[in-house]
Structures are given as C-alpha cells and as structure tokens.
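Take a look at the structure below.
2 protein chains.
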Amino acid sequence: MSLKAQDSHGEKEPAGIGRRRFLNAAAALGIGSVALAGCKEDSPKNAPADAAGAPAGAPPEHDAHVGGAGTTEVKPGQLDTHYGLWSSGHSGDARILGIPSGRELARMPCFVTDHLTGWGLTNESKAIMGTNPDGSLQYTVGDTHHIQASYKDGIYDGKYCWVNDKINARLARFRLDYMVCDKITKLPNVQGFHGIFPDKRDPVDPAINYTTRVFCGQEFRVPLPNHGKDIEDATKYGALFTCVNALTMEVKWQARIDGNCDLVATSFDGKLAATNQYNLEEGEYYTDMMSFERDACLFFNVARIEQAVKEGKFTTIGDSKVPVVEGRIEFNKDPKTALVCRVSVPKNPHGVNASPDGKYFVCSGKLSPTCTVIELQKVLDWFDGKLDDPDKAIVAEPEVGLGPLHTTFDGRGNAYTTLFLDSQVCKWNVEKAIKKYAGDKTINPIVHKIDVMYQPGHINATCAETRAADGIWMAVGNKFSKDRFLPVGPLHAENDQLLDITGEQMILAHDNAVRPEPHDFVIFPRDWLHPKQVYNMDDFPMATKDASEAGVTRNGNKVTVKMVSFAPSYEPSDVKLKVGDEVTWYLTNIDKVEDLTHGFAIPEYNIQFIVNPQETVSVTFKVDKPGLFWFYCTNFCHALHLEMRGRMMVEP
Amino acid sequence: MSLKAQDSHGEKEPAGIGRRRFLNAAAALGIGSVALAGCKEDSPKNAPADAAGAPAGAPPEHDAHVGGAGTTEVKPGQLDTHYGLWSSGHSGDARILGIPSGRELARMPCFVTDHLTGWGLTNESKAIMGTNPDGSLQYTVGDTHHIQASYKDGIYDGKYCWVNDKINARLARFRLDYMVCDKITKLPNVQGFHGIFPDKRDPVDPAINYTTRVFCGQEFRVPLPNHGKDIEDATKYGALFTCVNALTMEVKWQARIDGNCDLVATSFDGKLAATNQYNLEEGEYYTDMMSFERDACLFFNVARIEQAVKEGKFTTIGDSKVPVVEGRIEFNKDPKTALVCRVSVPKNPHGVNASPDGKYFVCSGKLSPTCTVIELQKVLDWFDGKLDDPDKAIVAEPEVGLGPLHTTFDGRGNAYTTLFLDSQVCKWNVEKAIKKYAGDKTINPIVHKIDVMYQPGHINATCAETRAADGIWMAVGNKFSKDRFLPVGPLHAENDQLLDITGEQMILAHDNAVRPEPHDFVIFPRDWLHPKQVYNMDDFPMATKDASEAGVTRNGNKVTVKMVSFAPSYEPSDVKLKVGDEVTWYLTNIDKVEDLTHGFAIPEYNIQFIVNPQETVSVTFKVDKPGLFWFYCTNFCHALHLEMRGRMMVEP
C-alpha cells in the first residue's frame with residue numbers, strides 16, 4: 001500500500017513516506033490506530049505495521065519483522081517498528097532506541113550533567129537534580145540500572161518511565177511526552193538502590209487501573225540510621241524495600257527486610273510486589289553470602305502494608321519521616337496478619353519477573369542452575385490462611401543452565417532465561433515445567449538454547465512485561481563483547497543482541513554495540529508513545545513571547561537578560577555587562593518549527609545549552625572576565641547557522 | 001574461505017570467527033596485512049576483506065561491501081570493515097563508529113566530563129583538562145567540530161587524531177593506541193576556533209614525511225588582545241590562523257588575517273595550508289557579512305612563515321608569547337615575500353578540501369551555487385613569481401547546486417559536494433569541470449545528484465583525505481532528520497547517512513541516527529588502526545603491582561589509599577577514615593584479561609570512575625560525611641560482580 005499524501009507545508013517530497021506525513025494521511029483516512037498497531041493490544045492479528053507504516057493486513061508470522069525473519073535492517077526512509085527504553089549504567093542517563101535497528105534515537109539525562117542539552121547547567125534542570133547551598137549540584141555521578149514505564153490496564157500508557165541511581169539511591173521520572181526528566185526523589189536510609197518496578201493497578205480500588213506506586217529494592221545493608229555509629233557491627237545493618245508515590249514522587253513507605261534484595265516485580269492485579277532476597281546470611285563479604293542453599297523471593301502485601309501505615313503501625317529512621325514497617329520474617333509469622341510472604345528460592349537469586357498471563361513469578365537462582373516458578377494465587381492463598389507452607393506456592397523449578405539471571409516471556413507460554421555462565425539464552429515452556437515438577441518426569445520443558453556473546457544479564461522481549469506480550473523480538477544485554485566489534489582500546493563496547501523469537505527456535509539477528517553499561521530495557525510498539533515535538537510557550541512563566549519584549553534590565557549588579565532566538569538571530573544581539581554583575585539569562589526559542597532547536601554558548605563562561613521550539617531556558621552566572629564574548633548557536637538551525645551569534649560585551 | 005583456528009585460551013568457540021582469533025590465524029599463515037587490507041594502499045586490487053575477515057581475492061567491485069551493494073547490514077559475528085572517527089559537536093567529545101553498520105563503538109571524552117569513565121573526576125584526566133587554583137575544572141563545556149588523524153606518507157598512521165573545541169578555543173589530541181585524550185592545548189587570543197587540519201609532511205625536510213603540525217582556523221573576530229577595551233569598535237577586531245606543534249602540542253605560531261576563516265585543508269606536499277576566508281567585509285552582524293560577491297581561499301606558505309618567525313619578523317599579543325606573523329593582504333602584496341596567497345571564491349565560502357591526487361583544492365561557495373577548483377601548482381607558481389594573478393590558479397568553478405558546503409573524493413577523479421539548501425549531494429567530475437572552465441561548454445561535469453535527508457553539512461568518503469581514497473562508502477552528516485526516525489520529543493536525532501559510491505550513481509544505503517551534533521568524520525579501513533586492549537602497568541608510577549602492597553597510610557589528616565581490584569574483590573576491602581581526612585585513593589586494576597574493566601563508585605561522595613586492565617587511576621577528595629559507604633564495582637566484571645564491593649567506614 002502506498003500513500004501519496006499532500007504535505008501541508010508544501011515542502012519538497014522526500015524519498016519514501018515520512019512518519020509525520022503518513023500519520024496525517026492515516027488520520028484523514030481514519031485508520032491511524034490500526035495502521036500503526038504493533039501488539040496484540042491494538043491489533044488482534046498480532047501483526048505490526050511494516051516499516052513504511054502501511055497497514056499490515058494479515059501477513060504470515062514472519063512478516064512481523066521489518067526486513068523478514070531474523071533481519072533487523074531498516075532501510076533508509078523506513079521507521080523502526082518499536083521503541084526501546086534503555087538504562088545506561090554508570091553513564092548515568094537513559095536512552096531511547098529504535099528497534100529492530102538498534103539505533104540510539106535519544107539520550108534522556110537525569111542524574112548526571114549532559115553537556116549537549118545543558119542538563120545540570122540550566123536553572124530548570126538544577127532545580128530537578130538538587131543543589132547544595134552554594135548552588136552547585138549535590139550529586140554529579142549516577143548509575144542507572146532498571147527502567148520501567150507506567151501502566152494502564154496492564155499495558156504501557158506512554159505517560160512516564162522511571163530509572164534508578166544505584167550510587168546515590170535516587171529515583172528519576174521521565175515524562176514520555178517531551179521525553180525529559182521531571183522529578184528526582186532520594187530514598188532515605190537506602191544504599192545500593194538497585195531494582196524498580198511500578199505497580200499495574202491499585203490493590204484495593206478497582207477504579208485505579210494504572211500505575212500509582214513504584215517499588216524499589218535495596219542491595220547494600222547499612223546501619224539504620226547511617227550516622228557513623230555501628231559502622232563496624234554488621235548485626236546492626238539493615239535493608240529497606242521502598243514504595244514511592246508514582247504521581248507525586250514522594251516516598252510513601254518503607255519495609256525493613258532480612259538480608260538484601262535487588263530486583264522487583266509486581267503482579268497484574270496490583271496486590272503483590274516481589275523481590276529476590278539474598279544474603280539471608282547477612283554477611284559482610286561476598287564469601288559470607290553464599291552458605292545458605294536457598295534464599296528467597298519475598299512478596300509484599302501492599303494493601304496490608306498501607307493499612308498498617310494508616311493505623312500507625314510503623315517506626316521512622318533517623319531524620320526521615322517516612323513510615324517504616326516490619327518486613328522481617330520474625331515479625332511476619334502469622335499469615336493472617338503478615339505483611340510479607342517468603343518463598344524459598346535456591347542460592348542467591350537475582351532476577352524476578354512476572355509472567356504476562358498474570359499467573360506466575362519466575363525467580364532465578366544465579367548460583368543454582370534453576371528457575372523457581374511461583375504461582376501468584378497460591379501466595380495470595382497463604383496470606384488468606386489457605387496454604388500452610390509458602391514453599392507450596394512453588395509450582396516448578398526447571399533446570400535451565402548455569403548462572404540464570406533474568407527471564408522474559410513471549411505471550412505463547414514460553415519463558416526465556418539468560419544464563420550468565422553458559423553465555424546462553426534458554427527457552428523453556430512454563431506449563432511443561434509445571435507438569436514436570438508435578439511428577440511427569442517424561443516431560444522436557446527446555447525448548448531451545450542459543451549462544452549469545454557473551455555473559456548475558458538482562459533480557460526482554462517486546463511487550464513482555466505487559467499483558468500484550470507478543471513474542472516478536474527479544475533483546476539480550478551482554479556484559480562482554482570481547483571480539484564481536486572492532487577493537488577500540490581497553491574499554492570495550494557491550495553487546496545488546498537482538499533475537500527473532502517468532503519461531504520455535506530463536507534466531508540471533510543483530511549485534512548492537514552499546515556504550516557501557518546498559519542494564520535493563522523495555523521494548524514496545526511505536527504507537528504506544530505519542531511524543532510532542534514543540535513545547536507550549538504558556539508552560540514557561542518567564543517566556544519572552546515576542547522579540548519586541550526582549551531586552552536587558554538592571555537592578556544594581558543584578559541583571560536580567562530576556563532574549564529570544566529565531567533562526568538565524570538572537571534578540572538582543574548585543575548585551576553589555578560589567579565585571580561583578582550577577583546575570584540571569586532567559587532564552588526563549590520563538591521558532592515554532594519542529595526540529596528547529598537552537599543552542600547557546602558563551603566562550604570562557606562555561607555556558608552551553610539548547611532551547612527547543614517554544615521552550616524557555618535560563619542560566620544564572622557571575623560576570624568575572626572582561627572582554628568581548630561572541631555567544632553563538634551550537635545546534636545547527638539554518639543556512640546561516642554559522643552566522644547566528646551576538647556579542648556579550650563585558651567592561652572591566 | 002573459512003578459518004577454524006584453535007583458540008589459544010581454550011574458550012568455547014563462539015558463533016562465527018572473532019577478529020582476535022582471525023588475526024592470530026592470519027599471522028600464523030603470514031597473510032595478516034593482505035587479509036585485512038581495505039584500501040588501495042595495502043591492497044592493489046582495491047578489495048577490502050569481507051566482514052568475517054577472510055582474504056578477499058579479486059572480487060567484483062560490489063563485493064567491496066559487507067552485505068552487497070547498497071547494504072550496510074553487518075550480520076552477528078561479522079566485523080565492520082572500516083573505522084569512523086566522528087566529532088560530537090556540543091556533546092563535547094569524539095566518537096568511534098564501525099562502518100558500514102554505523103554502530104557507535106566508543107566515545108572518547110576530552111573537553112567535558114564523562115560520567116562513565118570518570119573523565120574530569122580522576123586526577124589524571126583533570127591534569128589533562130586543566131583546573132582552576134581551587135582544583136575545579138577550568139572548562140566544563142565543549143563544542144567539537146572537526147576531527148582529523150595523523151598522517152605518514154599521505155595516509156593515516158594510526159598514531160593520533162585531533163579535535164577542536166569551538167566554545168573555548170581548545171585543541172585535543174587522542175592517542176589512537178588506547179583511544180584516549182592525552183593533551184589539550186588552549187589557543188591564545190582566539191575565539192570561535194572552528195576548523196583543523198594536520199599537515200601531511202614537512203614543507204622543507206623531506207625526511208619528515210609525517211604530521212608535525214596542526215593548523216587551526218578562527219571564526220569570530222575579537223579585539224586583540226581581548227581585555228575589555230575596544231569591545232565596541234569592530235575595526236579593532238582581528239582573527240588568527242594558528243599552527244600547533246602536533247608532537248608537543250605547543251602553539252608554534254599564529255598569522256593575523258583579514259575577515260574570518262573556519263575550515264582548513266593542507267597539501268600533500270606539506271607546503272601549503274589553506275582556509276576558506278569570509279566576512280572580508282569585517283561586519284559585526286550577519287547582515288553585514290554578505291555584501292561582497294567574492295570572498296577567498298587563503299593559502300599559507302608554511303616554510304616562509306616559519307622562516308619569518310625564525311628571523312624575528314613577528315609580534316606578540318597581550319600575555320601570549322606565541323609569535324604572530326602578518327597574514328593580512330596589505331602586508332603580503334609582493335609574491336616573492338608573501339606569507340599568504342589569496343585566491344578569490346564566490347560569496348561566503350565554507351568548506352575547503354584537498355583532492356587525494358594532491359593537485360587541487362576545492363572551496364565551496366555556500367551562498368553561491370559553485371565550487372571553486374584551485375590548482376596547487378599554480379598557487380606555488382604565484383609564490384614563485386610565475387603567475388601574475390592568484391585568481392589564475394582557479395581552474396574550474398562548476399555550478400553544483402544551492403548551498404554547497406563540503407566536498408569529498410572517490411579517488412577516481414570525482415568530487416562529491418553537499419548542497420545544504422537543496423538537501424542533495426552532487427557528484428561531479430573534476431577534470432570535466434576543468435575542461436568546461438577552460439572553454440568547452442559542451443561538457444557537463446555533473447555526474448549524478450541524490451537527495452539526502454536533510455540539509456547536509458560535512459561529507460567524507462572512505463580514505464578520501466588520504467592519497468588512498470578508494471570510493472567505497474561515503475558518509476553524509478545531515479543537520480536535520482525531521483521524520484526519518486521515530487519521534488523522541490523536541491530534540492531530534494541527526495541523520496548520518498551512508499551511501500554506496502562504488503557505481504556511477506550513488507546509492508543511499510543507511511540512515512544512522514546520531515545524538516547531536518556530529519560535524520565531521522574520517523573513515524578508513526580497520527587495519528589502519530591497531531588499538532591495545534590492556535595497559536602496561538609500568539606506565540603508571542603509582543601502580544600497586546600486587547595485592548600484598550595494597551593498604552592505607554596516614555600522615556596527619558592526609559590519607560593515601562593504595563588499592564587493587566581483581567574480580568570480584570578489592571584489596572583492602574575495608575577502609576577506615578575520619579571526617580576531616582583528605583584522601584588520595586589510587587586504584588590499580590591487576591586483572592590482566594582483555595575486556596575486564598572494573599568500576600569504582602562511592603555513594604554520597606560523588607566518586608565514580610573505571611579502571612581498565614593494568615591501569616592505575618586516582619581521585620582526591622575531602623571526607624565530610626560520617627557513616628558506612630559501600631564502594632562497589634560499577635562495570636560488569638564477573639559472575640559475582642554484584643558482590644564486588646567493600647566498606648568505606650567514616651567515623652564522625
């Protein structure tokens with residue numbers, strides 16, 4: 001199907017049909033949502049659009065792929081069919097990838113400065129990041145591990161995503177309309193904040209069928225509070241499981257737990273949050289953390305915890321006002337009142353994942369070759385007093401291979417687990433594993449194993465953490481690339497591999513080099529997001545709406561510059577200052593055209609940021625160097641971009 | 001051809017044949033250099049190796065490509081055939097890409113902090129970047145535009161590359177063995193430092209057939225010196241063309257010129273450097289910079305300038321001790337003594353590029369639809385008094401289209417010029433253009449035009465700036481991507497497109513999304529670089545060579561930590577400190593295995609860096625917060641990576 005829509009701007013027709021133009025055409029024809037459908041949720045035929053955006057009809061299974069089975073090539077002019085949200089590890093930000101091409105479409109700064117956008121330099125971003133009393137940034141490093149998006153009715157609603165900072169125990173939220181960080185929350189009394197997961201609905205109120213909480217796991221046990229006493233007495237250390245209000249980003253409550261935890265999963269019914277719990281030995285050194293044969297998957301009864309908080313059954317720690325409930329087993333032995341349920345899992349489990357049918361949690365052994373399948377309903381039964389032993393909620397424990405870490409799903413009953421030590425992915429059938437565990441030893445739940453390169457960590461298939469899991473593509477985050485890419489010195493790229501999982505056997509389709517160290521990712525069809533390209537100027541109180549309002553005002557040594565940019569000019573184009581001035585400089589980009597971002601740099605003054613169409617951005621700085629400084633546009637904007645500049649003239 | 005070499009480490013055989021293994025096998029067979037040859041220089045048949053590294057034999061032309069003509073897909077396990085070095089614009093660093101896949105293999109930090117590697121945080125990187133008296137970084141933003149590699153005998157020797165910072169007039173050098181920045185030089189009295197180019201041999205000494213100078217263009221005219229006087233009197237402004245010693249990175253000399261300049265090119269014979277010269281009107285506002293119908297390409301006679309400096313025929317500006325010679329035309333009217341030669345070029349020229357045959361410079365009109373071809377020998381003739389008018393060095397001025405910016409070459413006599421306004425690339429034949437200019441109006445030098453998406457700036461073909469130009473791939477840096485990628489909010493990715501130029505007609509092969517704002521790039525075969533994966537511990541005077549030498553020493557409140565990392569441990573694993581201590585913390589990674597990089601982060605202390613195999617890195621900080629802080633490994637290293645941590649215990 002070929003669409004030859006008229007471009008409303010009268011621009012020259014580019015080769016191929018652009019997305020914008022197609023969307024216009026699709027809307028005109030009233031086929032928008034069907035045409036761009038990608039997953040079961042919107043397309044009962046489970047057939048994503050082809051890359052040019054034409055409706056897919058009812059193609060054979062492999063036509064789900066842009067270039068055919070096992071091929072990730074996206075030809076010029078074609079669009080990726082899926083978005084991927086990627087965490088960046090100690091790069092400290094988050095990324096947006098196009099899938100299947102693997103192209104990095106954007107980076108979203110949050111915890112660390114970003115020199116391109118001016119994140120951490122502009123007043124607006126500093127207010128989100130947090131500053132010391134002297135105005136410097138409180139934190140300058142970050143380590144993002146887990147990224148998850150907000151849900152509505154069991155699929156992503158395209159409103160928010162979150163990512164953690166392991167170094168400084170922070171949670172960042174991104175708005176997915178403008179794809180920018182809008183809030184950062186520090187978790188009190190937490191160190192080694194590792195996994196996160198949003199809830200998928202409220203445990204009590206059925207009307208709240210969307211995300212209102214984000215759960216956070218803690219890996220490092222520290223003295224509570226961590227004020228410098230008890231630092232050598234590990235028996236005084238503790239760990240907290242934290243719940244953050246997804247809408248206000250305030251910390252709602254914490255639960256003190258035994259041992260450590262790191263990853264988090266949530267049930268589709270909103271009732272339970274789960275975390276893999278290890279180091280139940282409560283050792284200080286890793287050699288002390290591996291003596292127990294089984295650690296656990298710990299389930300939190302969200303409604304009961306919040307009722308306990310409401311009833312005042314909590315303590316607080318140090319200066320924090322956040323209510324802390326008891327999640328340690330010794331305080332939760334009676335199922336009728338227990339806030340948590342501990343189900344045992346072999347040796348130092350790492351990943352925990354909820355199956356898209358809502359029935360199971362899979363928790364991997366890491367130091368055991370097994371995955372433990374836990375049935376949600378049976379855990380609920382235990383809380384209801386109907387199951388005497390939490391371990392009876394275990395319905396399968398298939399042997400999948402060495403070093404199992406994380407598991408994803410294809411929506412067709414199969415699970416895929418990364419095997420860190422084997423450098424493989426194991427595809428296994430959940431129901432077969434359950435039947436085998438129930439006693440049928442003739443059944444082999446293992447469907448297929450495939451080599452990946454090398455040492456895989458996280459794994460995720462398209463839509464796999466939603467109830468619309470479609471089993472098209474699967475990404476595997478490999479921690480070592482070794483010889484898979486051209487050598488680039490001692491620091492190697494990592495290797496995110498993409499596999500085609502539409503068939504019985506997995507097909508390795510693409511090696512994607514990535515700057516260390518991405519951890520986690522979610523992938524979903526492109527029509528689940530609707531980003532905006534132009535800001536609304538009314539959202540910026542300090543906007544200079546017209547060039548005629550631009551100018552410089554002075555109050556003693558306090559100077560306010562209100563400037564506008566419009567290609568290829570700034571207004572005012574000359575700004576006169578004196579050494580000793582303290583300047584706040586507002587720049588409003590009054591250009592309205594999509595993609596017409598301007599930059600703004602001042603030599604010698606360490607100023608560089610961008611301003612998107614209709615956005616207003618500000619910086620505050622002291623004038624301490626006399627001379628002529630040509631501020632200029634750093635973001636290509638126009639044929640006369642190189643000429644887009646002006647003079648900051650500083651008298652001694 | 002399939003090679004099944006034995007892996008010397010006895011590791012499991014991965015799918016496909018890795019580069020490392022192939023190189024071993026190739027060396028054993030004595031075919032290394034031929035097998036991995038990619039360009040004319042090493043392979044007379046002009047046939048790069050196929051992606052699995054097998055010798056190419058004498059394939060038909062299109063087998064030069066990994067996946068076939070017009071296809072950039074590099075299958076899992078295959079390697080890219082070419083390296084690309086990319087500048088990053090206001091992201092402030094440089095990047096290494098694999099070509100043709102377009103995969104980003106590495107980022108090389110230089111002018112701005114890098115949170116992954118700890119660049120700008122470690123003592124070693126801060127010493128290169130430069131600090132204020134209080135130890136903070138002098139500059140925190142950067143804008144890299146042009147990247148070029150060092151030459152020997154007219155091709156890249158794989159030793160160095162350089163990139164400029166336009167905001168703060170700095171030049172960074174990277175070692176290409178470890179792919180790290182090792183020097184940064186600030187250009188005195190320069191603002192708007194734009195283009196760079198290394199020389200290709202010495203103008204006088206034939207034994208020096210490699211790069212020993214880097215030439216730097218200046219775009220913004222400022223008062224000289226820029227001390228806050230004369231800031232409103234534009235007649236006092238000036239611009240400098242700067243020569244940096246490529247080996248010591250000291251500034252050798254500067255030449256004061258009329259107008260502005262930005263891009264730079266050099267002749268293969270080492271005699272001339274060239275720059276596009278515009279704003280000969282010397283206007284302050286862009287509207288004042290376009291009245292002249294012709295500006296210029298300015299040629300610098302390097303030997304004469306350096307002789308003048310030797311003879312003391314220079315001045316200095318302000319505090320700078322750098323000799324400044326006169327490059328303004330009024331001082332250079334006599335060809336026999338002139339340091340510069342000005343050849344006119346229509347209206348606000350932008351790019352200037354040297355043809356790989358060593359004969360021509362092509363300077364594009366930007367605001368004229370023409371490229372001006374200037375014959376090197378004729379410019380030399382003018383300096384020798386054999387040509388009365390410099391404009392007689394112009395041998396062609398083909399009309400190529402609207403907004404011509406940069407030109408590249410295929411080694412077969414064709415030039416390719418980006419047309420910013422037309423959003424096209426124009427392929428034209430140089431000799432045909434010369435014949436037409438000479439009077440044969442029947443000749444059409446235009447070979448082919450192709451749409452690119454959108455507004456192309458820089459362009460470069462494989463090896464095109466060397467005498468081994470091979471005309472296989474051509475990259476085009478497009479300043480706008482508009483609808484070519486999935487929308488990701490107001491800031492769009494840019495679009496580096498790759499074209500197959502082996503045939504008569506160009507073929508658009510790949511859209512590569514790139515984080516803004518890459519400017520320039522060079523592409524060359526993979527066997528021209530030989531990066532190292534493991535450091536030499538002897539290069540680090542403060543290395544702790546063995547775990548037994550690790551420990552903490554104290555001298556009053558000055559504390560020195562000497563620590564080693566070896567997966568999955570640090571030694572010492574506990575470090576006791578007191579509030580008020582000033583700590584210098586050396587970390588030596590004693591792991592020797594390629595790809596076994598460790599990270600090191602301390603919560604709440606804003607410490608995060610990586611340490612590569614056999615490398616030693618240090619940080620210095622004040623201890624100001626009591627408590628227990630688990631330092632941990634941030635760069636995945638081992639099955640027990642998550643357990644790789646230790647305690648910094650700070651007493652109040």
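For the record, the sequence lines run as chains A and B.
Every letter in the first sequence is one number past the one before it in the UniProt record's numbering, and letter 332, counting from 1, is 332.
Every letter in the second sequence is one number past the one before it in the UniProt record's numbering, and letter 555, counting from 1, is 555.
Every residue gets a Cβ at the ideal spot worked out from N, C-alpha and C, and that includes glycine.
Note that the coordinates shown come from a computational prediction; the quantities given were computed from them, not determined experimentally.
Next on the checklist: Considering just the uninterrupted stretch of the alpha helix (DSSP H) at B:Asn-512, what are its terminal residues?
Outcome noted: Premise fails: B:Asn-512 lies in the beta strand (DSSP E), 507-514, not in any alpha helix (DSSP H).
Next on the checklist: For A:Ala-469, which residues in the same chain have their Cβ closer than 7 Å to its Cβ, ignoring the five residues on either side in sequence?
Outcome noted: The residues are Pro-356, Phe-409, Asp-410, Gly-411, Ala-461 and Cys-463.
Checklist entry - Whose C-beta lies closer than 6 Å to the C-beta of B:Asn-635 among residues of the same chain, with five residues either side of it excluded? => result Excluding the 5 residues flanking it on each side, B:Asn-635 has same chain C-beta neighbours closer than 6 Å at Thr-597, His-598, Gly-599 and Ile-610, in chain order.
Item to check | Alpha-carbon spacing of B:Asn-168 relative to B:Ile-196, whole angstroms | outcome: Straight-line Cα distance between these residues: approximately 15 Å.
Item to check | Cα-Cα separation between B:Lys-12 and A:Ile-450, rounded to whole angstroms | outcome: Residue placement at B:Lys-12 cannot be trusted, given a pLDDT of 36 that sits under 50; what the coordinates show is reported in the next sentence. Straight-line Cα distance between these residues: approximately 13 Å.
Checklist entry - What residues from chain B crowd round A:Leu-272, counting only those whose CB sits closer than 9 Å? => result In chain order: nothing, as chain B lies at least about 24 Å away.
Checklist entry - What residues from chain A crowd round B:Val-112, counting only those whose CB sits closer than 7 Å? => result Taking a Cβ-Cβ cut-off of 7 Å, the neighbours of B:Val-112 in chain A comprise His-115, given in sequence order.
Checklist entry - DSSP state of A:Phe-331, grouped into three classes? => result In the structure shown, A:Phe-331 sits in a helix (DSSP, three-state: H, G or I).
Next on the checklist: Using the Cβ count rule (16 or more neighbours within 10 Å means buried), how would you classify A:Gly-503?
Outcome noted: Around the Cβ of A:Gly-503, a 10 Å sphere holds fewer than 16 other Cβ atoms; the residue is exposed.
Checklist entry - Would you report the Cα separation of A:Tyr-632 and B:Cys-261, rounded to the nearest angstrom? => result Between A:Tyr-632 and B:Cys-261, the C-alpha separation is close to 16 Å.
Item to check | Best match in A:Pro-203, A:Thr-442, A:Met-649 and A:Gln-191 for proximity to B:Phe-629 [C-alpha to C-alpha] | outcome: It is A:Gln-191 whose Cα lies nearest to the Cα of B:Phe-629.
Checklist entry - Terminal residues of the continuous beta strand (DSSP E) containing B:Ala-94? => result Counting along the chain, the beta strand (DSSP E) containing B:Ala-94 begins and ends at 94-99.
Next on the checklist: By the three-class DSSP mapping on this structure, what secondary structure does B:Tyr-605 have?
Outcome noted: Residue state, collapsed to three classes: coil.
Next on the checklist: Once DSSP output is grouped into helix, strand and coil, what is the label at B:Asn-260?
Outcome noted: Here B:Asn-260 sits in strand by DSSP.
Checklist entry - In the stretch 215-239 of chain A, which residues sit with their C-beta less than 9 Å from some C-beta in chain B, listed in chain order? => result Shown in chain order are the members of the stretch 215-239 of chain A whose Cβ falls below 9 Å from a Cβ of chain B: Glu-219, Phe-220, Arg-221, Val-222, Pro-223, Pro-225, Asn-226, His-227, Gly-228, Lys-229, Asp-230, Ile-231, Glu-232 and Tyr-237.
Checklist entry - How many whole angstroms separate the CB atoms of B:Ala-475 and B:Phe-521, which I take to be in contact at a CB cut-off of 8 Å? => result Indeed they touch by this definition, with Cβ atoms about 6 Å apart.
Checklist entry - Does the Cβ of B:Gln-505 have 16 or more other Cβ atoms within 10 Å, making it buried, or fewer, making it exposed? => result Burial call: exposed.
Checklist entry - chain A partners of B:Lys-532, CB-CB under 9 Å? => result Result: Pro-487, Gly-489 and Pro-490.
Next on the checklist: DSSP three-state label for A:Ser-423, please.
Outcome noted: Annotated three-state conformation of A:Ser-423 is coil, per DSSP.
Item to check | Contacts of A:Asn-353 in chain B (Cβ-Cβ under 9 Å) | outcome: Chain B residues near A:Asn-353: none, gap ~17 Å exceeds 9 Å.
Checklist entry - In the DSSP assignment, what residue or residues form a beta bridge with B:Glu-571? => result DSSP lists B:Val-564 as partners of B:Glu-571.
Checklist entry - Is B:Met-129 helix, strand or coil by DSSP? => result Here B:Met-129 sits in helix by DSSP.
Item to check | Residue range of the unbroken beta strand (DSSP E) whose run includes B:Arg-175 | outcome: Per DSSP, B:Arg-175 belongs to the beta strand (DSSP E) from 170-175.
Checklist entry - A:Ser-136: which of A:His-146, A:Leu-121, A:His-641 and A:Ala-149 sits nearest, CA to CA? => result For A:Ser-136, the nearest C-alpha among the options comes from A:Leu-121.
Item to check | DSSP-derived helix/strand/coil call for B:His-641 | outcome: In the structure shown, the three-state DSSP call for B:His-641 is helix.
Next on the checklist: For a contact defined as C-beta to C-beta under 9 Å, what are the partners of B:His-458 on chain A?
Outcome noted: Simply none; closest approach about 11 Å.
Checklist entry - Nearest to B:Glu-582 by alpha carbon, out of B:Gln-218, B:Val-623 and B:Val-617? => result B:Glu-582 has its Cα closest to that of B:Val-623, out of B:Gln-218, B:Val-623 and B:Val-617.
Checklist entry - A:Val-180 touches chain B at which residues, Cβ-Cβ below 8 Å? => result By Cβ distance, chain B contributes Gly-489.
Item to check | Backbone secondary structure at A:Arg-107 - three-state DSSP | outcome: Strand, per DSSP.
Item to check | Selected residue, minimal CA-CA separation from A:Val-650, among A:Ala-639, A:Pro-603 and A:Val-251 | outcome: Check the Cα spacing between A:Val-650 and each of A:Ala-639, A:Pro-603 and A:Val-251: the tightest is with A:Pro-603.
Checklist entry - With burial defined as no fewer than 16 other Cβ atoms inside 10 Å of the residue's Cβ, what is the status of B:Val-251: buried or exposed? => result With 16 or more other Cβ atoms within 10 Å, it is buried.
Checklist entry - According to DSSP, is A:Ala-468 helix, strand or coil? => result In the three-state reduction of the DSSP assignment, A:Ala-468 falls in the coil class.
Checklist entry - Of all Cβ atoms in chain A, is any one closer than 7 Å to the Cβ of B:Met-563? => result So, not an interface residue.
Checklist entry - In angstroms, rounded to a whole number, what distance separates the CA positions of B:Ser-481 and A:Ala-273? => result Between the alpha carbons of B:Ser-481 and A:Ala-273 lies a distance of about 42 Å.
Checklist entry - Would you say A:Ile-590 reaches chain B, if we count a Cβ-Cβ gap shorter than 7 Å as a contact? => result By this cut-off, A:Ile-590 is not an interface position.
Checklist entry - So, does the CB of A:Ile-167 fall closer than 7 Å to a CB anywhere in chain B? => result Among the residues facing chain B, A:Ile-167 is included, as its CB has a counterpart in that chain under 7 Å away.
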